[in-house]
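> The sequence shown begins at 6 in our numbering and counts up by one.
Sharing a structure, written as C-alpha cells. Questions coming.
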Amino acid sequence: MTLPTPSSQPPSDSKYLTIGRVSNTHGIHGFVRVEILTDFPERFQKLRRVFVGDEHEPVRVRSAKLDRGHVLLKLYGYEDVTAAAELKGKYLAVPIAEAVELPDGQYFWHQIVGLDVVTTAGESLGTVAEILATGANDVYIVKGPRGEILVPVIEDVVKEVDLAGGRLIVEPLPGLW
C-alpha cells in the first residue's frame, strides 16, 4: 500500500485549490512575489490564468518565473507597482478540475478533511478536522466523541482511504489513543 499523504493546502472554496499567496510586489513593472502553497511549483510556469482572492476573480497570467523558493508572477491588468500592490496578501487558486493528477495513494488535503475515521474494528473515532504537516509525517486531527485525537499518517496506522465511502480506516496502535 502506498502511504496516503496530503499534497496541497486546503482550498478556500470547494471549487478551487489554493496554490499561492501574493507576499509582495517585485520591481516597478507590476510583478508580484508569490509564496508557493503547492507541492507542484512548476505548475505556475504553465498557468494561463489564476483566480485571485476570496472572490476568485479570473486573471490571465502574462509570465511566471521560479525564483529562490518563490514565484515572480506578472498578471494582465496589473501593469505597475501601484496596481500590483492591490494583490498583496491575496491567495491565488485554480479550479479543482485543473488540479495536478496525483499518483495512487496520494490525496489533496481537501479530500481528507471531512472524512469519517473508523477503526479496523468498526469503532467510530470522529471526523478529520485538520491536518498538521510535521515534517516526518503528517498528522490528522480527528474530532469526535473522545474529543480530539491525533492520528499519525504512517502505514502502520492508516490502513485505507475510502474517498467514495467518505471514510478513513485506521488501526489503533497500543497506547496511541
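The beta-carbon is built from N, C-alpha and C at its ideal position, and this holds for glycine as well.
Taking its Cβ as the centre, do 16 or more other Cβ atoms sit within 10 Å of Ala141, making it buried, or is it exposed?
exposed
> Using a Cβ-Cβ cut-off of 6 Å (strictly less than) and excluding sequence neighbours within five positions of Pro45, which residues of its own chain qualify?
The sequence as given places Phe at residue 45; Pro does not occur at that position. Closer than 6 Å at the Cβ level, and outside the excluded window around Phe45, lie Val105.
> Alpha carbons only, please: which of Pro177, Glu128 and Arg151 is nearest the one belonging to Val158?
Ranked by Cα distance from Val158, the options Pro177, Glu128 and Arg151 are led by Pro177.
> What does the alpha-carbon distance come out to for the pair Leu130 and Ser19?
24 Å
> For Pro100, collect the residues of the same chain with a Cβ closer than 7 Å to its Cβ; drop the 5 residues on either side in sequence, then sort them by chain order.
Lys20 and Tyr21
> Do Ile154 and Val133 have their C-beta atoms closer together than 8 Å?
no
> Would you kindly work out how many angstroms separate the C-alpha atoms of Lys51 and Ala69, rounded to a whole number?
8 Å
> State yes or no: is the C-beta of Tyr81 within less than 8 Å of the C-beta of Val64?
yes
> Have a look at Glu60 and Val37 and give me their C-alpha separation to the nearest angstrom.
19 Å
> Going by DSSP, what residues sit across from Asn29 in a beta bridge?
Arg38
> Per DSSP, Ala98 is paired with what?
Thr23 and Phe56
> Is Gly152 close to the ligand MN? I mean its beta-carbon at under 7 Å from any heavy atom of the ligand.
The ligand MN is not part of this structure, which contains no ligands at all.
> What does DSSP give as the partner residues of Arg172 in its beta bridges?
Asp121 and Asp167
> Could you say which of Arg73, Val76, Arg53 and Gly74 lies nearest to Arg67 if we only look at CA atoms?
Arg53
> Hey, could you find the ends of the beta strand (DSSP E) His134 is sitting in?
Here the sequence assigns Ala to residue 134, which means His is not the residue at that position. Segment Ser129 to Ala138, the beta strand (DSSP E) holding Ala134.
> Buried or exposed for Thr43, going by 16 or more other Cβ atoms inside 10 Å?
buried
> Could you check if Gly180 is buried or exposed, using at least 16 other CB atoms within 10 Å of its CB as the buried criterion?
exposed
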